[in-house]
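Residue numbers (my numbering): 9 to 332.
Note that CB positions come from ideal geometry on N, CA and C, so glycine has one too.
Bear in mind the structure is a predicted one, so any value in this text is a computation, not a measurement.
First up is the structure itself, then whatever we jot down about it.
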């Protein structure tokens with residue numbers, strides 16, 4: 009079996025079964041492997057920005073990664089703008105970027121570039137496949153990092169794709185990364201602020217903007233008198249009839265300042281501190297009042313739903329839908 013076939017099988021073992029591709033010569037062996045595997049749906053994009061944008065949209069809507077196939081450093085560079093958007097949206101994505109064969113790299117052919125350095129600013133994790141025996145482990149790690157969530161980039165030298173190796177068992181699905189535990193002390197601190205009638209705002213993003221966690225957040229709002237906002241930019245907000253409504257935090261300077269006027273505590277649930285989109289002369293970049301306390305209840309790679317459940321328990325708000 010070629011390394012390309014094994015890479016395809018390892019991706020499928022992790023239920024990564026959609027590939028958005030703009031391949032070139034260096035990726036032809038992986039393209040052939042995709043063609044031999046009917047479970048993998050391969051979709052051609054005529055520009056790399058379309059490929060990474062499509063993978064971003066797929067990750068936002070399904071909460072699982074697609075794989076992209078990009079041609080060398082220039083192909084990756086053409087897709088970086090939408091990788092930036094995907095990174096900001098906390099999308100799940102796995103990139104496979106082809107490279108020259110290992111013994112061809114020193115010849116410095118026209119399309120040779122430092123793919124590792126190009127990938128790092130937009131990726132959570134970058135690795136170059138260097139041993140066909142370790143392809144399963146490389147894919148398992150790429151998948152785990154993408155589910156954190158984030159963008160993983162695997163660099164596939166052409167000879168790692170075309171070389172054959174005997175694999176004695178099928179690829180095995182890897183495990184997700186362990187999540188950093190939430191701090192009950194932080195929940196109690198927020199509860200104390202709410203009980204003492206301080207003005208508290210919750211800012212949500214990521215998995216906290218799905219139907220059930222949004223309902224929990226709305227229950228906290230109703231029970232405890234806090235305000236809830238979605239972060240200014242988000243991957244997806246589940247809206248529609250019967251779902252809890254939520255406004256987005258404005259990143260326009262004057263509007264954002266007004267939304268947080270007189271707020272004593274801003275609680276971040278997967279979100280970043282509210283700031284204005286751009287700097288303006290003689291105006292603060294932060295949208296919170298000078299004495300406002302910023303508390304991170306949960307980081308993006310922690311359990312955002314559990315964070316809301318714990319806070320609901322702390323303030324005696326229901327953690328299930330309530331009749332209105």
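Please confirm whether residue i and residue j have their CB atoms less than 9 angstroms apart.
{"i": "residue 41", "j": "residue 80", "result": "no"}
{"i": "residue 322", "j": "residue 182", "result": "no"}
{"i": "residue 19", "j": "residue 147", "result": "yes"}
{"i": "residue 274", "j": "residue 245", "result": "no"}
{"i": "residue 95", "j": "residue 69", "result": "no"}
{"i": "residue 213", "j": "residue 280", "result": "yes"}
{"i": "residue 47", "j": "residue 25", "result": "yes"}
{"i": "residue 161", "j": "residue 117", "result": "no"}
{"i": "residue 93", "j": "residue 64", "result": "yes"}
{"i": "residue 119", "j": "residue 82", "result": "yes"}
{"i": "residue 35", "j": "residue 110", "result": "no"}
{"i": "residue 243", "j": "residue 257", "result": "no"}
Using DSSP with H/G/I as helix, E/B as strand and the rest coil, what is residue i?
{"i": "residue 226", "result": "helix"}
{"i": "residue 127", "result": "helix"}
{"i": "residue 136", "result": "strand"}
{"i": "residue 197", "result": "helix"}
{"i": "residue 273", "result": "strand"}
{"i": "residue 251", "result": "coil"}
{"i": "residue 103", "result": "strand"}
{"i": "residue 237", "result": "strand"}
{"i": "residue 279", "result": "coil"}
{"i": "residue 232", "result": "helix"}
{"i": "residue 212", "result": "strand"}
{"i": "residue 295", "result": "coil"}
{"i": "residue 26", "result": "strand"}
{"i": "residue 319", "result": "helix"}
{"i": "residue 245", "result": "coil"}
{"i": "residue 162", "result": "strand"}
Below 8 angstroms on the Cβ atoms is my contact criterion, and I expect residue i with residue j to pass it. Report the Cβ-Cβ distance as a whole number of Å.
{"i": "residue 108", "j": "residue 169", "result": "Incorrect: roughly 11 angstroms between the Cβ atoms, too far for contact."}
{"i": "residue 254", "j": "residue 222", "result": "6 angstroms"}
{"i": "residue 316", "j": "residue 216", "result": "6 angstroms"}
{"i": "residue 67", "j": "residue 99", "result": "4 angstroms"}
{"i": "residue 187", "j": "residue 309", "result": "6 angstroms"}
{"i": "residue 29", "j": "residue 52", "result": "6 angstroms"}
{"i": "residue 228", "j": "residue 319", "result": "6 angstroms"}
{"i": "residue 37", "j": "residue 12", "result": "4 angstroms"}
{"i": "residue 163", "j": "residue 136", "result": "4 angstroms"}
Candidates the options: which alpha carbon is nearest residue i's?
{"i": "residue 133", "options": "229, 119 and 185", "result": "185"}
{"i": "residue 39", "options": "226, 22, 65 and 77", "result": "77"}
{"i": "residue 49", "options": "23, 328, 196 and 64", "result": "23"}
{"i": "residue 72", "options": "60, 154 and 54", "result": "154"}
{"i": "residue 203", "options": "191, 180 and 233", "result": "233"}
{"i": "residue 33", "options": "106, 97 and 90", "result": "106"}
{"i": "residue 282", "options": "247, 271 and 289", "result": "271"}
{"i": "residue 139", "options": "35, 93, 159 and 174", "result": "174"}
{"i": "residue 305", "options": "144, 260, 207 and 189", "result": "189"}
{"i": "residue 144", "options": "243, 179, 90 and 288", "result": "179"}
{"i": "residue 251", "options": "268, 218, 231 and 162", "result": "218"}
{"i": "residue 351", "options": "85, 152 and 113", "result": "Only positions 9 to 332 of the chain appear in the structure, and residue 351 is not among them; the question remains open."}
{"i": "residue 231", "options": "113, 10, 326 and 89", "result": "326"}
{"i": "residue 260", "options": "288, 249 and 242", "result": "288"}
Starting from residue i and walking both ways along the alpha helix (DSSP H), at which residues does that stretch end?
{"i": "residue 37", "result": "36-44"}
{"i": "residue 166", "result": "166-170"}
{"i": "residue 267", "result": "261-267"}
{"i": "residue 13", "result": "11-21"}
{"i": "residue 54", "result": "It is not in any alpha helix (DSSP H) - residue 54 carries neither H nor E in the DSSP assignment."}
{"i": "residue 147", "result": "143-154"}
{"i": "residue 110", "result": "First-last for residue 110: undefined, no H or E at that position."}
At which residues does the beta strand (DSSP E) containing residue i begin and terminate?
{"i": "residue 175", "result": "Neither: residue 175 is in no beta strand (DSSP E) and is coded neither H nor E."}
{"i": "residue 304", "result": "301-306"}
{"i": "residue 92", "result": "Residue 92 -> not in any beta strand (DSSP E); alpha helix (DSSP H) instead, spanning 88-96."}
{"i": "residue 115", "result": "First-last for residue 115: undefined, no H or E at that position."}
{"i": "residue 217", "result": "Looking at the DSSP string, residue 217 is not in any beta strand (DSSP E), and its letter there is neither H nor E."}
{"i": "residue 78", "result": "74-79"}
Comparing the CB of residue i with every heavy atom of the ligand FAD, is any distance shorter than 8 angstroms?
{"i": "residue 192", "result": "In the structure on display, the ligand FAD does not appear, and there are no ligands present to speak of."}
Counting only beta-carbon separations shorter than 9 angstroms, does residue i have a partner in chain B?
{"i": "residue 318", "result": "Considering every chain present, this structure includes no chain B. It has just one protein chain."}
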